[in-house]
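Just below is one structure, and these are the notes that go with it.
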Amino acid sequence: MRQQKDTSVAPLKTVGHATPRIDALERVTGKAIYTNDRQLPGMLYARLLRSPHPHARIRRIDVSKALAVPGVKTILTHENCQVVWGAGGISGGLQYNDDIKKITRQRRYVFNNPLRFVGEPVAAVAAIDRHVAEEAVRLIQVDYEVLSFVLEPEEALRQEAVKIWPEGNLSLDTQNRAQPVTTRRGDVTEGFQASDFVFEDRYSTAFVHNAQMEPRSCIAHWEGDKLTLYTPTQGISNCRSDTARDLGIPPEKVQIVCQYMGGGFGNKNQNQDADLITAMLAKEAGAPVKLEFTRKDDFIGVHGRWPTVQYYKVGVTRDGLLKAIQLRGYSGMGGYRKNTGAIGGIDIYQCPHIESVIYPVYTNKTVSGNFRGPEYPQGFYGIESMMDDVAYKMKMDPVDFILKNMTRKYRDELPYTNYSLEECIRRGAEAFEWKTRWRPQPGSDPGPVKHGAGVSFMAFRSALGRSNAVIRLDAKGKYTVFVGVTDIGAGAKTTMALIAAEALEVPLSSVEVVWGDTDRCPYSVGESGSRTTIQTGYAVVQAAEALKRQIAEKGLPSGDNVLVGSASPNPTLEGKIRAAYAAHFVEVAVDTDLGHVRVTKYLAVHDSGRIMNPLTARSQIKGGALMGIGMALHEDLIYDRRNGQPLTAGFYGDRIITHRDAPEIEVIFIESDDGYGPYGAKSIGESSKVPSVAAVANAIFNAIGRRMKNLPITRDKIMGALA
Amino acid sequence: MKTFANSNARDFQQAVALVQQTRQQGRAASLVGGGSDLLGLVKERIVNPDVLVNLKTIRGLDQVRPSNGGVNIGGLITLDTLSRNDVIRRQYSVLAEAAETVATPQIRNVGTLAGNVCQRPWCWYFRNGFPCYKNGGNTCFSFGGENQFHAIFGGGPSYIVHPSDTAVALLALDAKFRIVGPSGERVLPAAEFFALPQQNPARENVLAADEALAEVQIPALRAGTRSTYHKIMDREAWTHAVVSAAMVLEMDKQVCRSARVVLGGVAPIPWRLPKVEQMLSGERITEALAAKAAEAALEGAKPLAKNAYKVPLTKGVVRRTLVELAARG
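Quick note, the sequences are listed as chains A and B, same order.
Just so we're aligned, residue 1 is where the first sequence starts under our numbering, counting upward by one.
Just so we're aligned, residue 1001 is where the second sequence starts under our numbering, counting upward by one.
This is the structure in structure tokens:
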């Protein structure tokens, strides 16, 4: 353990300096090979038939006409393909593993019957070209028994609602019990009795899609009993073990290749049904197969953030001190439970009595799963709007309310490895000129354009964990780093090279990175949970140390000899909690004649430990903040309640924000080194979206004096509130 | 998308003849200029052409030419070229402003003026392939459904809103449209080109299936005329007007001699406001008059369940656009 240095770091030689990505040139010149760029000899093309109904049973499926089309090689349906997609739907919504596989009852197959949402795969066709595959899809005849459907989680729990699963619509937990997820500390009844004021409110959030640039595509290729999948995945190791488990083959018979990819934000975690379907088609057809999704397929066929309904009850003393927080929440998981459905945020407050009861509920909407800080942006919108409102009603400045009630120990109990949350808030408030931008009386500007300011803050897990790295040194002095990372967009390849150069005390130019291929790289944790830099980066430091010891022992290699250092560390935190911290300050201008919101100033203050590369780190903060603005103001997969059809799939319909919507976003890093991770690095990627939605919503309240309780805060809602 | 053949046209007469021939053979044909709208429709199988008749091979109809003091604009001019044209920017700024609000730079680089005017609606029911009036059915799903962006004027039986920005500007400029068909040409005033759903719920204009919009003719404007286009969007780029207003005012010092005021995003066609125009002519445009005009603009509005916000929004747009334009000296 190195010496802990809280909130100040001594400069290093390579790490911490703004460095362009080592692969920037191939990306911007089109030389970088993405999955869909690959062509294999004799490759077939695949297309899917997707359910046109939100809920239906397949009575009969006839593929004879489709099979008769010249050029059609293989068709898969639920009748001839019964592969379980383990990560696609799990009791408890946790990470898929052998224990979960044994117990889980609400299994998802790659082709299911009944069908539980519009867009669910019904059949897959592989053919000699894309047009033939599409024509064949249209000739598959399906006799559907159309069932009634339910779209909203609260409605789905009513007695009269159609049952999407035989066990009912409350998703089962890991022990197959139908119970809400409940967390209690203290006794809220006691807490409310001890309160001078009690406030209650309801907030809701919409389904928003990950909307990554690259739609899903996959190429499968069998050589004997070995399967190679070229697929955009955020974790080649997880993708390999999940795919092997689902197909019933040994992991060493599966090779996953993914280097460049066009983003994912969580919807390329683990393996996907596209991987399994393509693998099965290629096996049946005896030829490589490429499956491609359209943008619409991607929106309705993969997953997005779960929509929520959140009921809060909050008790405070006369002095504005929190006494009790109670949350009853409902999360719409879609037809399958691909994630927990948690609603996070309460833990950011220090409070003696809390109770959180969350119902993860099946609905006939598109499936919900991982999306950048899975349970937080929606949860923080709820709790931070609620607390902003409590502060307003208590006639307190929200910054003062936060400073009075924020977490100082995790769940009031465990110490943090370092604590700079208060500094994030104080420094942010000062740099943002909070006192002049925030309106003590919300909506008090004369108009028609009214300004207001909002604040939100967060802590995000930065836990340690297992990962691996191997570094090889040859006689020419080249260091080759083998790490099983892909690049979701955060620049993992460059980050690993920077860390290796620092640890080896060599120039960046003598380091090369081999990545994104399970046959060439050791296990890596995967680009999810904002863990890659912390876990694999630490493994790189350890591998470098191992290599340096060998050099010290044996001298530099000569001729054809090489030296290899490797590490498989699995560090732990010894009873502490490790978190990244942030506070976001937002100013908006609301044109009250037109219902138009414009973010006019945005400041994000983050402690993400030591910053490995300020260039990419800043981009991560800006990207997350922008996503939060889009979630706050625009994005919504709207369904027609009469027929259960999604209407706004795609970048146009979902109103994903554009470059012209982006305000200048100022980023301040408060760097720290708590002695853990590579040089003190903590999580970044997901944390930047966590507080941004709430900060925008609170700024709108401050500008117009109306609390916007349902996301997204669209023009019609603003004009309605002001009418 | 399904496979199709491409057929290059030499001129508009040949293009419409190719369409007619294809149709007579029982196959579907689509005219394609920039293709930015058609491509999406074909990919979604909203239209399924066997033959694409390519208009980009026609020469000479991508320019702005002076004519009798006004201008004739070839239908194949790209929106980007149009919005950068000096004459258009100087004399017909409403059109330049409308063209530069369309979609994105990429789309404006290929999308044409004729294609923009004839663009199909962006109603999500139509674009998602619901069997609505626009897709050959006999229902408007927005009625009783998700109608946040639908019509508050002129709706029924379909409640789509006309998607074109340039169409709103062209009606405000009193343009005429030269239309080529298999039996020859006709020239229609813009006001007669667009068709309400009562007239034909499947289409947005009077073009027959084998006709094409070849050219737009804009008359000369009187001295002292100024114009502008104000578009309200739900994000800052790449979306259609929630509400828009095109205004052409002929001013004599502070007094408005005549006015043409047309709204977009509120009706199945560009929606002209003759009563507002009358209120303005001969008057000095003050804040008070603009507010009165805005009230009058919304007379007869019939919002649906989810688009009532368009009423105050439109009022705000009319009032502010008028005041701002009048103040421009």
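Positions of the beta carbon are idealized from the N, C-alpha and C atoms, including for glycine.
Computed from a predicted model, the values in this text were never measured in an experiment.
Quiz prompt | Whole-number beta carbon distance between L1171 of chain B and A1190 of chain B, since they are thought to touch under 8 angstroms | solution = 4 angstroms
Quiz item: Taking Cβ positions only, does A544 of chain A come closer than 8 angstroms to chain B?
Solution: no
Quiz item: Going along chain B in order, which residues have a C-beta closer than 8 angstroms to the C-beta of Y652 of chain A?
Solution: Simply W1122, W1238, T1239.
Quiz prompt | C-beta atoms of T600 of chain A and I704 of chain A nearer than 8 angstroms | solution = no
Quiz item: Is the beta carbon of M1251 of chain B sitting closer than 8 angstroms to the one on T1228 of chain B?
Solution: no
Quiz item: Would the segment 1193-1213 of chain B and the segment 669-686 of chain A be scored as touching if the rule is three or more Cβ pairs under 8 angstroms?
Solution: no
Self-check item: Cα-Cα separation between R411 of chain A and Q350 of chain A, rounded to whole angstroms
Solution: 7 angstroms
Quiz item: For the segment 443-462 of chain A, which residues have a CB atom closer than 7 angstroms to at least one CB atom of chain B, in sequence order?
Solution: none
Practice problem: With distances taken Cα to Cα, identify the nearest neighbour of P440 of chain A among A:P415, A:D400, A:G428, A:D201. | Solution: A:D400
Practice problem: For P1312 of chain B, go through chain D and note every residue whose CB falls closer than 7 angstroms to its CB, in chain order. | Solution: The question asks about chain D, but that chain is absent: this structure's protein chains are A and B.
Quiz prompt | Beta-carbon separation (whole angstroms), I75 of chain A vs A124 of chain A, contact threshold 8 angstroms | solution = The pair is a contact, with the Cβ atoms about 7 angstroms apart (cut-off 8 angstroms).
Quiz item: Since D1234 of chain B meets chain A, which of its residues come closer than 8 angstroms, beta carbon to beta carbon?
Solution: H634, R655, T714, R715
Quiz item: K554 of chain A to S241 of chain A, Cα distance in whole Å?
Solution: 37 angstroms
Practice problem: Take N269 of chain A and list the residues in its own chain whose beta-carbon comes closer than 8 angstroms to its own, dropping the five residues that flank it on each side. | Solution: Only A87, T233, Q234, G235, N238, G369, N370, G526, S528 meet the Cβ criterion.
Quiz item: In chain order, which continuous runs of the alpha helix (DSSP H) of length 4 or greater are located wholly inside the segment 1072-1136 of chain B?
Solution: 1079-1084, 1086-1091, 1093-1100, 1105-1110, 1113-1117, 1124-1127
Self-check item: As assigned by DSSP and simplified to three states, the class of P1066 of chain B
Solution: It is a strand residue.
Exercise. Would you mind sorting G477 of chain A into buried or exposed? The rule is 16 or more other CB atoms within 10 Å of its CB.
Key: exposed
Quiz item: Could you give the C-beta distance for L464 of chain A and I534 of chain A, rounded to a whole number, given that I count them as a contact under 8 angstroms?
Solution: 6 angstroms
Quiz prompt | CB contact flag (V1262 of chain B, V1168 of chain B, <8 angstroms) | solution = yes
Exercise. Closer than 8 angstroms by beta-carbon distance: list the chain A residues that pair up with K1002 of chain B, in chain order.
Key: The CB of K1002 of chain B comes closer than 8 angstroms to the CB of H131, E134, E135 in chain A, given here in chain order.
Exercise. Classify N1147 of chain B as helix, strand or coil using the three-state DSSP reduction.
Key: coil
Practice problem: Could you tell me the boundaries of the beta strand (DSSP E) in which M1251 of chain B lies? | Solution: Judged by DSSP secondary structure, M1251 of chain B falls within the beta strand (DSSP E) whose first and last residues are 1243-1252.
Self-check item: Backbone secondary structure at G1178 of chain B - three-state DSSP
Solution: In the sequence on display, residue 1178 of chain B carries Arg and not Gly. In this structure, R1178 of chain B counts as strand in the three-state DSSP scheme.
Quiz item: Contact check, E635 of chain A vs P712 of chain A under 8 angstroms by CB: the rounded distance?
Solution: 6 angstroms
Quiz prompt | Alpha-carbon spacing of M612 of chain A relative to I684 of chain A, whole angstroms | solution = 11 angstroms
Self-check item: Burial state of R618 of chain A, where buried means 16 or more other Cβ atoms lie within 10 Å
Solution: buried
Practice problem: State the DSSP-derived secondary structure class of M458 of chain A, mapped to helix, strand or coil. | Solution: strand
Self-check item: Where R739 of chain A falls, given that 16 or more other Cβ within 10 Å makes a residue buried
Solution: A query on residue 739 of chain A cannot be resolved here, the shown segment of chain A reaching from 1 to 723 and no further.
Quiz item: Leaving out the 5 sequence neighbours to the left and right, which residues in its chain are closer than 6 angstroms to D1080 of chain B when beta-carbon positions are compared?
Solution: Excluding sequence neighbours, D1080 of chain B sits near R1108, N1109.
Exercise. Would you mind working out which of B:G1069, B:V1032, B:S1030 sits nearest I1218 of chain B, comparing C-alpha positions?
Key: B:G1069
Quiz item: Does the Cβ of A552 of chain A have 16 or more other Cβ atoms within 10 Å, making it buried, or fewer, making it exposed?
Solution: Here A552 of chain A is exposed. Its C-beta has fewer than 16 other C-beta atoms within 10 Å.
Self-check item: Buried or exposed (CB count within 10 angstroms, at least 16 for buried), L1039 of chain B
Solution: Answer is exposed; the Cβ neighbour count stays below 16.
Quiz prompt | Helix, strand or coil at R2 of chain A according to DSSP, with G and I counted as helix | solution = With a pLDDT of only 48 at R2 of chain A, under the threshold of 50, the placement of this residue in the model should not be trusted; the figure read from the coordinates follows. If DSSP states are grouped into helix, strand and coil, R2 of chain A belongs with coil.
Quiz item: Which one of A:C258, A:A194, A:F651, A:S195 has the shortest CA to CA distance from V514 of chain A?
Solution: A:C258
Quiz item: On the three-state DSSP scale, how would you describe I383 of chain A?
Solution: helix
Quiz item: So Y679 of chain A is in the beta strand (DSSP E); what residue range does that whole segment cover?
Solution: Note, Y679 of chain A: premise wrong, no beta strand (DSSP E); not H, not E.
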